[in-house]
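Sequential numbering of the sequence shown, starting at 1, is according to this note's numbering. Every residue gets a Cβ at the ideal spot worked out from N, C-alpha and C, and that includes glycine. Everything numeric in this text was worked out from a predicted model, so none of it was measured.
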Amino acid sequence: MPSVFLGSRNPILFGCGTSKLTGEKLKEFGCKKVLVVYDKGVKAAGIVDKILGYIHDAGIETVCFDRVLPDPPDYICEEAGALGVAEKVDGVVAIGGGSSLDTGKAAKVLLTNPPPISRYFLKHEDIVPDESNMKPIIVIPTTAGTGSEATPGGVITDTKNNCKQNVPCATNLGIVDPELTLGLPPAVTVTTAIDALCHCVEAYTSKENNRISDVLAKEAIYLIGQNLRKVIQDGSDLKARENVQMAATLAGLSIMGPFCNIPHEIGLVLGMIFHLPHGIACGITLPEALEYLAPAIPERIKTVTQLLGGKVPDDACPEEIGRIAYNTVRSLYDDVGMPKLKDLVKSKEELVAAVPEIMDYSPFEFSARPVTAEDVKAILEKAYNA
């Protein structure tokens, strides 16, 4: 069977200080007036004003949309798109974490395609956004985690069905400037980096893995294992910040083909039910998922463990590899302050009650080992007791 690697449809400009080129790059796209999408937290951090200055210095007008919400609801995306249409913008700049970038992507779709955004959810395969006249979008991540600058779509909350949906929309340019993450609080640094860790680990352990995604995923896993603790210990360590940011971008690229599996498929539902940040919702079952997958793909779980700094004996059996992988990730979580599941939900019973919804939402088609409802229940119970 041939390997599938979708890669990135857009160039990515990576490096300290690259955000200063935002206005210049917009001019290259021919933009004269752009919609700038961000949330109030990014604005308060002073990042937005810097980038607005770079845009204005290039002689480009801006229209600002600052009402981005976490796990962007469909109606917020439609508000952003409607503002852009009313103001006759000819481009979009999205600044912030994954919610801002995905809101910006959805707004780009709606600038030249009729609302509502739900028309373009990927489950509606007969309705695909017309890309022929789409305006350009530049995305500028201020967190190191989502990898949205590398992925050809946005994740939007379907408020009618209370679930997350994908909207196809590639970016035209990703500008990844590690300096923008210097003021990121430790809690946000951790949860977004764990999202990136899930991306690359899930890509590497997917049954659809391939040689290209493996190279990207392994480098991303290694960079997070080597640098996340450093960033939490010293948030001003720019080299460590740069390495974690690179890991996030590589991780975003690595899932283009293998796609995500157990942690994300459980986490997307838990996030909606319990209103958890995306990185936490996915990351809380990563140790258990690795242990569960070890009997099916022991060598890959061994490699993940070693890349994260774990020591695995050469003669370790699959079950022992799984236990060491579990302990290695749990140790990382303890060191960086990853929240515990028992502190995020009211009870184990409430958590287990989510199993039917998880199974209804996800077929776990990319898991290297079949997953039943009983398996999900066991994973959740162990994560709760951790």
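Would you check if the distance between the CB atom of residue i and the CB atom of residue j is smaller than 9 Å?
i              : j                : result
asparagine 210 : proline 258      : yes
glycine 183    : glycine 46       : yes
histidine 278  : threonine 191    : yes
proline 136    : phenylalanine 29 : yes
isoleucine 156 : alanine 94       : no
glycine 174    : threonine 285    : no
serine 213     : methionine 256   : yes
serine 362     : leucine 293      : no
cysteine 31    : isoleucine 12    : no
alanine 144    : alanine 187      : no
alanine 247    : alanine 203      : no
glycine 154    : asparagine 162   : no
leucine 35     : leucine 101      : no
glycine 104    : glycine 41       : no
asparagine 261 : alanine 289      : yes
glycine 81     : valine 109       : yes
alanine 107    : leucine 83       : yes
methionine 359 : alanine 373      : yes
leucine 238    : glutamate 179    : yes
proline 263    : cysteine 198     : yes
proline 295    : glutamate 319    : yes
leucine 122    : proline 168      : yes
isoleucine 301 : glycine 322      : yes
aspartate 39   : valine 68        : yes
glutamate 299  : cysteine 16      : no
glycine 147    : leucine 308      : no
valine 85      : phenylalanine 65 : no
leucine 268    : lysine 164       : yes
Looking at C-alpha atoms only, which residue of the options is the closest neighbour of residue i?
i                : options                        : result
threonine 151    : Pro141, Ala373, Cys16          : Pro141
alanine 251      : Arg241, Leu216, Asn243, Gly283 : Leu216
lysine 33        : Val48, Pro339, Glu87, Gln165   : Glu87
proline 73       : Gly98, Asp315, Gly84           : Gly98
phenylalanine 14 : Asn133, Gln245, Pro295, Ala386 : Gln245
isoleucine 127   : Pro114, Arg369, Gly23          : Pro114
lysine 160       : Val336, Gly23, Tyr75, Tyr384   : Tyr75
leucine 21       : Ile55, Ala44, Ala386           : Ile55
leucine 270      : Ala193, Arg229, Leu351         : Leu351
glutamate 365    : Ser236, Glu208, Pro339, Lys164 : Glu208
asparagine 133   : Asp375, Val89, Pro313, Gly235  : Val89
leucine 341      : Gly23, Asp234, Ala386          : Ala386
glutamine 233    : Tyr120, Asp335, Glu349         : Asp335
lysine 218       : Gly91, Thr181, Gly23, Gln306   : Gln306
isoleucine 194   : Met338, Arg119, Ile51, Asp315  : Met338
My understanding is that residue i touches residue j, with C-beta atoms under 8 Å, so please give their C-beta distance in whole angstroms.
i              : j              : result
threonine 18   : valine 176     : 7 Å
isoleucine 324 : glycine 310    : 5 Å
glutamate 78   : isoleucine 117 : 6 Å
glutamate 291  : tyrosine 326   : 4 Å
valine 371     : valine 304     : Wrong, their Cβ atoms sit about 18 Å apart, outside the cutoff.
For chain C, find out if any of its Cβ atoms is closer than 9 Å to the Cβ of residue i; answer yes or no.
i          : result
leucine 52 : Going by chain labels, chain C is absent from the structure shown, which holds only one protein chain.
Continuous alpha helix (DSSP H) assignments of at least 4 residues falling wholly in the region 300-372: 318-336, 348-352, 355-361
Cβ contact (3+ pairs, closer than 8 Å) linking the region 265-277 and the region 342-360: yes
contact_flag[the region 354-369, the region 325-336] where n(CB pairs < 8 Å) is 3 or more: no
The region 155-172 touching the region 207-225, judged by at least three CB pairs closer than 8 Å: no
Whole beta strand (DSSP E) elements within the region 165-237, 3-residue minimum: 173-176
Beta strand (DSSP E) runs contained entirely in the region 44-125, provided each spans 3 or more residues: 61-65, 92-96
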